[in-house]
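Note sheet for the following structure.
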Amino acid sequence: MSDSIPLQPVRHKKIHDSKQRSGCCGWCCGGRDFKPRTVWLGHPEKREHKYPRNVINNQKYNFFTFLPGVLFNQFKYFFNLYFLLLACSQFVPDLRLGALYTYWAPLGFVLAVTVIREAVEEIRCYVRDKEVNSQIYSKLTARGTVVVKSSNIQVGDLIIVDKNQRVPADMIFLRTSDKSGSCFIRTDQLDGETDWKMRLPVGCTQRLPIAADLLQTRSYVYAEEPNLDIHSFIGTFTREDSDPPVNESLSIENTLWASTVIASGTAVGVVIYTGKEMRSVMNTSHPKNKMGLFDLEVNCLMKILFVALVVLSLVMISLQHFRGRWYLHLFRFFLLFSQIVPISLRVNLDMGKMVYSLMIRKDSKIPGTLVRASTIPEQLGRISYVLTDKTGTLTKNEMQFRRLHLGTVSYGMDSMDEVESHVFSAYTQTPASQDKPPSTAPKIRKTVSVRVHEAVKAIALCHNVTPVYESHGPDSTDRAEAEQNYEDACRIYQAASPDEVSLVQWTECVGLTLVGRDQSSMQLRTPGGHILNFSILQVFPFTYESKRMGIIVKDESTGEITFYMKGADVVMMGIVQYNDWLEEECGNMAREGLRVLVVAKKSLTEEQYQDFETRYNQAKLSVHDRSLKVATVIESLEMEMELLCLTGVEDQLQVDVRPTLEMLRNAGIKVWMLTGDKLETATCTAKNAHLVTRNQDIHIFRTITNRGEAHLELNAFRRKHDCALIISGDSLEVCLKFYEYEFMELACQCPAVVCCRCAPTQKAQIIRLLQQRTRKLTCAVGDGGNDVSMIQAADCGVGIEGKEGKQASLASDFSITQFKHLGRLLMVHGRNSYKRSAALSQFVIHRSLCISTMQAVFSSVFYFASIPLYQGFLVIGYSTIYTMFPVFSLVLDKDVKSEVAMLYPELYKDLTKGRPLCFKTFLIWVLISIYQGGIIMYGALLLFDSEFVHAVAISFTSLILTELLMVALTIQTWHWLMIVAELLSLSCYIASLVFLHEFIDVYFIITLSFLWKVTVITLVSCLPLYVLKYLRRRFSPPSYSKLTS
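If you count by the numbering used here, then the sequence shown holds residues 1 to 1045, one letter each, in order.
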């Protein structure tokens, strides 16, 4: 099974306008409209249209568009385009100011790194796609069964999919080898749900003796047009060669969508959609190229510096009174002052990002963490909203039975042996006492043992769980033998809900084991090994609207008919007989973080059941208001039911979820939980994880369907303060349709928000709305294929490798193995990356402004001549070997230890406001640069004696020393590599003086006069700043310095 196809399923109602159905529709299939289709079984040649090839393609570029695409993405930003134009200008002889490599080498290095990085990502993507497209399947043909690659499958092909094999295309389910006549599929890579879904084959094809007979029939499937909705399907199956012709309606229960996995048996299906028309691919959004907010801010500063460059050049020309070929001089000034916009900034920042990514990967405290988008590590330091999935992200998706409550007595995990003894005694009594009719002594209070037995029996019967026996050997007879003998070692439970599996597993632990089930019967095994047979008369499955499920069973040994029901407390309170403990105990168990179900029963006589069955069948045959009539008939049974027990099941939280959420809250980050799960479950998890604190009010947004209801509910919500919000996806859709601005304004004020029954596309929509309304950075955390859209839409996408596969991890910017690692990723690495990049970028700007200020002073003194102050290797050496290592060593700097940053997450709050890199700090560094550049140049011109080459030596040496001292002034925590960088740079400069006799007088630099002049100029340029730093730390220290002192 492949885990590399990013999917974004939706859960909204189907849109009938095919032109509006998908953002990809315009390019998917040559721009044509989607139409319904007729697909003949096993005859691809009879197709009505040409359908797309069944290939998966997640690459951003192809062979021909790769280089143009990468270059366009680089040069569409002002920063890079400026450097390109600057380098190109050096091909004009009148404009050339130095060697070509001084301009092209840095630009070429940046482009080479970018092209290599993109090429590696594209190759990886190509390999993953090829692996999926090359998977082998069996196809039924007139010549027998042949082998076919996934990429060669066509509409109309009959494909055999084995157990644990990925479904290669969207198919209609025709046959299964499972004797139950149905099969289970895993949809975790499609909708993110780990629950197994039951699928039913077409009736008339399942009844055929062998699968090859499918090719002997004249049959076709009429399928609706391709669309996004993975939760519905409308179609018909027609067999023309039978008498009379067979017509069967098809629904979602008869489909096998691509990227699901067959969990039981072998399935045969006919392909109806391939390639770009598959549900999974239509729900895929291509990842955008993310550019961090930090890079955008640096880009903005570069534009300001560019304007300053243009203004300075115009000032110089105007002071020349535009004499002669002034336009040529203007361009030469433009090139002379070009270092105002530092070309080395891009190189430093890109290399810095690579260092940050390496630090994240090498951090032993967060093992297994991967950086997939190395261009945005600074984003992690400025997150304001974290939007997280629930199942598999906050929780382990492992359900454990925790409590059985009977009203007067409660059993926890430490007292389950008592339950086991009660069940054992109930089935070892004499048959007479065991099966005594309850009507003989209606007034006698039941003993605890009887009540426990009835509760356990109800839990063991009221569910949709199917036991499946798996063989442990190569022989298929092993499985049949295991099934016949009900061997415990070979049995696994399949169900649409992990809650139900945990309940059935618990009844097995206390002695009552579910050993068999099909469409019409169920078998339980008692502690003594006896088999109890029950006929399943009716099943009422759980729905989101009803919030309950029921089953009517008949005990084959006694003939008793019993209606069992379990459901959420909010609906069951009105169904069970009056009691004084249900509401209170449900609240107590919910506060413990347990998912509570209320279990009840009602005994029916044969006459009562026959009357119900007649009315129920009539209601099911109704053409108008069928669902309402069916619900009314069922509700006639749901009265005065006997309350048996409460069950408490816990979905265990991931390790350290609570302290991590508390850390994020203290850091000023608001956490929103977006889940596809039920409202009760989401509320329970939010409380259990302390996403909603114990003393916090909760406002549950009631279900709304129109504008008026939305208006009333929003007004009710507006009157509450400091209140957590819980809202369903349907209500959210209505609010966003009519009152988008008002809803987002109120939601952003909440300390926490929980969106339940949230579709994948809604998750992405919420993130986009947060980005638009708040202008703040968002971080999405998820672990399933249904979280991919959210992860890709967020400013920072974090994927967790979990039980739902690697899809979220592969589509994310950062991949972690546990939710608790998010705290360190943000508090330590995010904070350090942002602060380091801010310091690095401002220092590189300072370095360039210093030399540009000196050039401006030099040109002004010498009658505004467009002549460079420093030439040749001095210009290159200044921004490379003389200052590069100390300046770049700022990527190792940190203001506090990582332990302190984790202990005091409040330090993170300052970063969300963007203070480390803002117009204020930028202006301060500009003023420092002008001051230091002016002091150095004027000092050198005042102190040099006769030859101008002495002024060059004094000013350039003072400039290098000033830069090295300023790096030392900026560093917060010294690293041994920083000291090495400072000494190495100084040594390189001193050693290179021997070879720079063309620009510097070697004999002059060893005189005492040179030394004292350089010392004085350097002290005047640097000493005031050291004094100011000391005074600031003394009288107005930053928050982090209080923790380090």
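Even glycine gets a Cβ: it sits at the ideal position worked out from N, Cα and C.
- Taking C-beta separations shorter than 8 Å and ignoring five residues to either side along the sequence, the partners of V510 in its chain run M416, V419, E420, V423, V456, following chain order.
- Distance from the Cα of L986 is smallest, within the candidate group T880, V386, R665, F173, for T880.
- For I492, the number of other beta carbons within 10 angstroms of its own is below 16, and it is reported as exposed.
- I160 sits close to L140, with the two beta carbons spaced by under 8 Å.
- R166 and V261 do touch by the CB rule: their CB atoms are close to 6 Å apart, below 8 Å.
- By the Cβ-count criterion, Q792 is buried, with 16 or more other Cβ atoms from all chains shown falling within 10 Å of its own Cβ.
- Straight-line measurement puts the Cα of E248 at about 14 Å from the Cα of D241.
- By the criterion of a C-beta distance shorter than 7 Å, K303 is surrounded in its chain by F78, once the five residues flanking it on both sides are discounted.
- The residue from R239, S812, Q608, D651 with its alpha-carbon nearest to that of N397 is D651.
- Here T375 is near K353, since their CB atoms are less than 8 Å apart.
- Separation of the CB atoms of G830 and A808 is rounded to 19 Å, and the pair is thereby denied contact status at 8 Å.
- The C-beta distance from L1025 to I928 rounds to 7 Å, short enough to meet the 8 Å contact threshold.
- If you draw a straight line from the Cα of A953 to the Cα of L301, it is about 32 Å long.
- In the structure shown, D651 adopts extended strand secondary structure according to DSSP, grouped into three states.
- Judged by DSSP secondary structure, E248 falls outside any alpha helix (DSSP H) and instead within the beta strand (DSSP E) spanning 246-250.
- Fewer than three pairs of CB atoms, one per stretch, sit closer than 8 Å, so the stretch 549-562 makes no contact with the stretch 688-695.
- Less than 8 Å divides the Cβ of P36 from the Cβ of E224.
- DSSP, read as helix, strand or coil, puts D363 in coil.
- For D697, the uninterrupted beta strand (DSSP E) segment begins and ends at 697-700.
- Counting of Cβ neighbours within 10 angstroms places G877 among the buried residues, the total reaching 16 or more.
- Assignment of W257 by DSSP, reduced to helix, strand and coil, places it in the coil class.
- Taking all protein chains in view, the Cβ of D170 is crowded by 16 or more other Cβ atoms within 10 Å, so the residue is classified as buried.
- Secondary structure note for A747: its alpha helix (DSSP H) is the uninterrupted segment 740-749.
- DSSP, reduced to helix, strand and coil, places W672 within a strand of the structure shown.
- By the Cβ test, the stretch 499-510 is in contact with the stretch 447-466, since at least three Cβ pairs between them sit closer than 8 Å.
- Taking 8 Å as the cut-off, the beta carbon of E378 is found no closer than this to the beta carbon of G265.
- Its chain contains D569, V596, V598, L646 as the residues whose beta carbon lies nearer than 8 Å to that of C586, once the 5 sequence neighbours on both sides are disregarded; these appear in chain order.
- An exposed status is given to P659, since fewer than 16 other beta-carbon atoms sit within 10 Å of its beta-carbon.
- A212 sits in a helix when the DSSP states are folded into three classes.
- Between A968 and F885, the C-beta gap is not smaller than 8 Å, which leaves the two residues out of contact.
- Sixteen is the threshold: since fewer than 16 other Cβ atoms of the shown chains lie within 10 Å of the Cβ of S364, the residue is exposed.
- Within the DSSP secondary-structure output, Y564 pairs in a beta bridge with I551, K601.
- T466 is bridged by DSSP to Q494.
- Ranked by Cα distance from K1013, the options C1022, F956, A940 are led by A940.
- In the DSSP annotation of this structure, the continuous segment of the beta strand (DSSP E) that includes E398 starts and ends at 395-405.
- Take A951, set aside five residues on each side of it, and the residues of its chain with a beta-carbon closer than 7 Å to its own are A940, L941, F944, in chain order.
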